[in-house]
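Everything on this sheet refers to the single structure shown next.
Residue numbers (my numbering), protein chains in the order written: chain A, 451 to 736; chain B, 2 to 258.
See below:
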């Protein structure tokens, strides 16, 4: 194939790539390196560097409080991912198979939490779950309870709101994967005598796994990095890794340890990504 | 399987998802001093009071500057890069492209922290400029991805035909390629603006009293004083986002015959 008339010269390619490269190097690569250096106690000034130490990592690994924070973060990630997958699958299946015009409206709808910003979503759930909030008002007025329930602050509130925020990341890949499943496969299973549940478990579900796995990864990473929502809906003492990092900066003023926690959070993300890639590869061999 | 039940289930879930947003609108009209439900009444009190709050006005102005500048700079650097990457090649696909997308993979809060340390190490004071750099970095992946998708869908002969007919590379780009990728580009840029306009984690550590952004101002309000004004500000923010997305849709609409 000849591309002579539109082909770019080597020089033109470099010139076109240069601006974006400069911004990403200065704005992202260098800051990440400074963060990594600081996690080892190295404070890079313009010329001065101080001595390296692994003491911050030792502190993280030896302190039960921070290990628990890591555990909570992973636990929340798994719970929200599983719950979202279960809740989103029927929706993704419906969107893929329905011929209704309303489905495009639905895609916009699941996307709204991302477009309106985290503060709006968090505020909404605070008003719904608060002591003087919607659910308590409803229950008090119907006489179901006499004293307001403590719904806000804690795991329940964080999980519910988090599922809401990440829902679209799960629905989109599931919808995409179900679209590729030939409906006649399901029909064949039904004709051969399988009930709807067996058809789902033995035909639809295995074929949808790549989509679910893709959604799982994005949701898990989103939950691990979530900050505003768990901070405000989790309340006092509800500490996840991003919140712990924030506390190191604003309360303890320990920049080095904040950097160490940040590197640990990045490592978790990388491990999860590698795990997912591995699982996907094994699945494709079967 | 019966799609009917699935449609009912989906609709119910959809209503649950819009509900938190509607309830913020209801509370924003409450003239009382604290957030409660049912609301004590309806009045535009907080919508009027927010405009005399100096912090909010400054934050809104800053957010508009940062959002517009970062998404436009993002487009100016991402589109040329996309033109090169669209040509393919193992190095471009396997190294250069993932490199530009890499800021996607680290949590925003961690990235914001890295920026705080970096500007400190470089001896620069935090300002609108330092904020814009961070927001541009996170804008690039969004714009690059959609632009690249549009370029890959474009028949390669279009630009070639323009060149054969005597157009210079720049003429070919502005009169053939740019109109072709316009709708995707506008969508990418407007989405990058929304990401910047609502971003809390990246800005959190690198905003001061001078370069405070609207989402950070709202966040501070939510942490410190929980009054209906915070709902009113959020509603105004969302209204602005809505206007921008709708305008972008109009601008981006292309008639392809």
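For glycine and all other residues, C-beta sits at the position ideal for the given N, C-alpha and C.
In this text, all values refer to a predicted model and were calculated from it rather than measured experimentally.
Check	Outcome
Neighbour list for residue 719/A in chain B, Cβ cutoff strictly below 8 Å	106, 107, 108
Alpha-carbon spacing of residue 113/B relative to residue 570/A, whole angstroms	21 Å
Interface partners of residue 575/A on chain B, CB under 7 Å	21
Burial state of residue 180/B (16 or more Cβ within 10 Å)	exposed
Buried versus exposed call for residue 755/A [16 or more other C-beta atoms within 10 Å across all chains shown]	The structure shown does not extend to residue 755/A, since chain A spans only 451 to 736, so no value can be given for it.
Residue 101/B, enclosing alpha helix (DSSP H) - first and last residue	98-102
Own chain, CB closer than 6 Å to residue 217/B, minus 5 neighbours either side, in chain order	204, 208
Under 8 Å by beta carbon: chain B residues contacting residue 484/A	115, 118, 119, 122
Status (buried if at least 16 other CB within 10 Å, exposed otherwise) for residue 633/A	exposed
Minimum Cβ-Cβ distance from residue 469/A to chain B less than 9 Å	yes
Range of the contiguous alpha helix (DSSP H) that encloses residue 554/A	552-566
Buried or exposed (CB count within 10 angstroms, at least 16 for buried), residue 651/A	exposed
Partner residues on chain B for residue 534/A, Cβ-Cβ distance less than 9 Å	Ordered by position in chain B, no residue passes the 9 Å Cβ test against residue 534/A, which lies about 11 Å from the chain.
Exposed unless 16 or more other CB atoms sit within 10 angstroms - verdict on residue 698/A	buried
Test: residue 494/A CB closer than 9 Å to a CB of chain B	yes
C-beta neighbour in chain B for residue 545/A, strict 9 Å	yes
Chain-ordered neighbours of residue 677/A on chain B, where CB pairs are closer than 9 Å	108, 109, 110, 201, 202, 205
Contact list for the segment 602-633 of chain A against chain B, Cβ threshold 9 Å	611, 614, 617
C-beta atoms of residue 684/A and residue 695/A nearer than 9 Å	no
Contact list for the segment 89-100 of chain B against chain A, Cβ threshold 9 Å	93, 97, 100
Residue range of the unbroken alpha helix (DSSP H) whose run includes residue 639/A	633-641
Selection from 221/B, 210/B, 194/B that minimises the alpha carbon distance to residue 263/B	Outside the displayed range of chain B (2 to 258) lies residue 263/B, so it cannot be described from this structure.
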